Ligand SMILES: Cc1cc2nc3c(=O)[nH]c(=O)nc-3n(C[C@H](O)[C@H](O)[C@H](O)COP(=O)(O)OP(=O)(O)OC[C@H]3O[C@@H](n4cnc5c(N)ncnc54)[C@H](O)[C@@H]3O)c2cc1C
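Residue numbers (this note's numbering): 1 to 697.
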């Protein structure tokens, strides 16, 4: 198969980015997942039809836990206080441990609930309905914080840490750094093996570790110089280490910063200075840490989606009732067609998010090999659709929607982060395009390289080479028809439509047809844009959007099929049915529009407008703008950071925020405390004095 990194006409930095991406992604999975197959024009119906059922025993266990959780959320959980006071009281964390939510994914032998991904996400959805901050705190602990130990830990590591993580201690995931945001592979935190061979020496700084100042265990990603035993080549690779806050040299110098939403969560800045980390704390293998991080993100991307689904459902339900009971022009708002449109959109989006989320968690539960494109699609789809739902809900509620006591404004603030974290959606779209279509792109490149006409060679030689290539057994293999499509523009047959309830057959056939069009458009645009497609993100995003909507469409179809076969009825089912049918119509339109726009778009004007704007701003002085603390070309030239009007957190002083000027102060004797070690301090439920003084009128 051709190697994409050997493409001509690709700049050195793009080539390096491709090589990095390939190193990150590791070897190709042997079996391609549902989403990758869409790029090949295949519908692997057996992976999604019938809608993957949940295990009945586990479902029963989960229902019992959810009943207790619902009661807690309804009667005790102080969601408004958490948002207003910017902290989750320790008693809430303890109650969630007690209920069993905080250890759901930890195997039972280590004191956890031993639940699968679906059950765990159902709990996250419930929490997201009530409190976005708590959903993120729970997810940071389990999906990314201790998941690495569950998946990659040795028996000894699991025995050592999992029992406490299941019952009382929080954990944090330390990937981001001042200079590491979307570019997860660019860590500057480094470890080296100590002369005794039994320790790693860790140096660097981590940023934004959720619950970092409250955790007893951190999973830390760092760079290490590693020699490949096969090739003998030495290079920088990422290694994952487990650290605990009591290790000498660890300084949590900033516990949190005030922010737009999920205000109850705390993001820490942590400095590591010559920290001696025992070899026993190595997670997985040296140099394989990015695999640890990316695998964990598969889970984090689902729980982010579950929290978003919960919040979107709350906003949607609130807005529908509002539309029925708020009168203007002597009619309920719900009588107006444009309000109806928002109601239908919200219903369709919530239904589709639900169908996609639980299809994805089922794939994870059955340990599908190739799942990264599906979890990325789920994250992008749910974060964006959820955000749109909440936006419509606020619109329907008008001015009242903007008021704090009506809840939706908090959901709006809490939701915005979902488009940025766990892979910014722009990066995710490029990833869905590149990783989803990678194997097909390589096959296309191979065909082109092998079959291309060489103008310096004779006609006879050219023809001879082409015929020899075409006759080589296995060259085209499954892609023989792809070759015909590349050279002759012949569309292949649409894949077989999934076997569904008779009333849905037309939708199934339309889906199969759209899958064929998606694959054809991918092939056509690869040929049209050639190497330029590597940097043409607007083009990539259209193909990604087409894949996202195809996947969503398939999930919704499968879910409705399952409902119909199960004989569901009643008003709630009729709502779901109509919402599903509406969603499938809109998905069809989105796919068509995304593919049409591949060749009919306003990209030249868009790029010209962006370039002109950038040129104008290059003439303006930096001094009045926020400039990133790690900017290589403008660091320190921006508007001075002024946090004097912003509530600060215990142990952090004004001026320490804003990232650039971390003050190095870390006072662990106040505010939140990790459960161990447990220095004395004020009761956890006491509001930090800094906050009370500032928040009082
Ligand atoms: C509340 C909160 C909680 C967090 N929790 C954790 C945590 O627990 N652990 C942890 O390790 N990190 C955490 N993070 C960090 C988070 O993962 C990063 O914020 C995220 O990865 C984005 O990085 P950045 O903010 O530096 O944005 P940048 O990398 O500077 O990107 C900014 C924007 O640029 C665009 N962009 C960037 N790269 C590309 C590209 N290649 N193509 C197109 N567009 C691009 C995107 O629009 C992106 O949103 C948290 C952050 C926040 C705010």
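Cβ coordinates follow ideal geometry from the N, Cα and C atoms, glycine included. Since we're looking at a predicted model, the values are computed, not measured.
Going by beta carbon distance, what residues of the same chain come within less than 7 angstroms of residue 536, once the five residues before and after it are set aside? Excluding five sequence positions before and after residue 536, the CB atoms of its chain that fall closer than 7 angstroms to its own CB belong to 529, given in chain order.
Report the rounded CA-to-CA distance for residue 248 versus residue 272, giving the unit in angstroms. 9 angstroms
Determine the burial state of residue 601: buried for a count of at least 16 other Cβ atoms within 10 Å of its Cβ, exposed for fewer. exposed
Tell me whether the beta-carbon of residue 508 lies closer than 7 angstroms to the beta-carbon of residue 494. no
Can you check the segment 149 to 176 for any beta strand (DSSP E) of at least 3 residues that lies completely inside it and give the ranges in chain order? 170 to 174
Should the segment 542 to 559 be regarded as contacting the segment 346 to 355, the criterion being three or more beta carbon pairs within less than 8 angstroms? In short, these stretches touch, since the Cβ pair count reaches three.
Please classify residue 203: does DSSP put it in a helix, a strand, or coil? strand
Opening and closing residue of the alpha helix (DSSP H) in which residue 316 lies: 289 to 325
For residue 664 and residue 605, what's the separation of their Cα atoms in angstroms? Below a pLDDT of 50, predicted positions are generally treated as unreliable, and residue 664, at 32, falls in that range; the measurement from the model is reported next regardless. Straight-line Cα distance between these residues: approximately 47 angstroms.
Would DSSP call residue 31 helix, strand or coil? coil
Taking only heavy atoms of ligand 1 into account, decide whether any of them is closer than 6 angstroms to the Cβ of residue 173. yes
Give the straight-line distance between the Cα atoms of residue 110 and residue 123, rounded to the nearest whole angstrom. Put simply, the backbone Cα of residue 110 is about 20 angstroms away from that of residue 123.
Local conformation of residue 277 per DSSP, three classes: strand
Can you give me the C-alpha to C-alpha distance between residue 618 and residue 629, rounded to a whole angstrom? 18 angstroms
Give a single yes or no on whether residue 300 has its beta carbon closer than 6 angstroms to a heavy atom of ligand 1. no
Indicate, with yes or no, if ligand 1 has a heavy atom lying under 6 angstroms from the CB of residue 629. Checking the Cβ of residue 629 against ligand 1 gives no.
So, at 6 angstroms on beta carbons, what are the nonlocal neighbours of residue 657 in its own chain, with the 5 sequence-adjacent residues on each side left out? Confidence at residue 657 is low in this model, with a pLDDT of 42, below 50, so the placement of that residue should be treated as unreliable; the coordinate-derived value is given next. Hits under 6 angstroms: 257, 643.
Pair within 7 angstroms by beta-carbon distance, residue 139 and residue 62: no
What would DSSP say about residue 499, mapped onto helix, strand or coil? coil
Where does the unbroken beta strand (DSSP E) through residue 182 begin, and where does it stop? Taken as a continuous stretch (DSSP letters only), residue 182 belongs to no beta strand (DSSP E), as it is neither H nor E.
Mind pulling the beta strand (DSSP E) runs of 3 or more residues that sit fully within the segment 392 to 443? none
Using the three-state DSSP reduction, which class does residue 146 fall into: helix, strand or coil? helix
Kindly identify the DSSP beta-bridge partner or partners of residue 89. For residue 89, which the question treats as bridged, DSSP gives no partner whatsoever.
Could you spell out where the alpha helix (DSSP H) holding residue 127 opens and where it closes? 117 to 130
Given a threshold of 16 other Cβ atoms within 10 Å of its Cβ, counted over all protein chains shown, does residue 612 qualify as buried or as exposed? With fewer than 16 other Cβ atoms within 10 Å, it is exposed.
In the DSSP assignment, find the alpha helix (DSSP H) that holds residue 559 and state where it starts and stops. 537 to 565
State the Cα-Cα distance for the pair residue 223 and residue 275, rounded to the nearest angstrom. 14 angstroms
Which parts of the segment 233 to 276 are runs of the beta strand (DSSP E), unbroken and 3 residues or longer, counting only runs that do not cross its ends? 234 to 243, 250 to 254
Could you check where the beta strand (DSSP E) with residue 47 kicks off and where it finishes? Per DSSP, residue 47 belongs to no beta strand (DSSP E) and is neither H nor E.
Count the other C-beta atoms from every protein chain shown that fall within 10 angstroms of the C-beta of residue 57, then say buried if there are 16 or more, exposed otherwise. exposed
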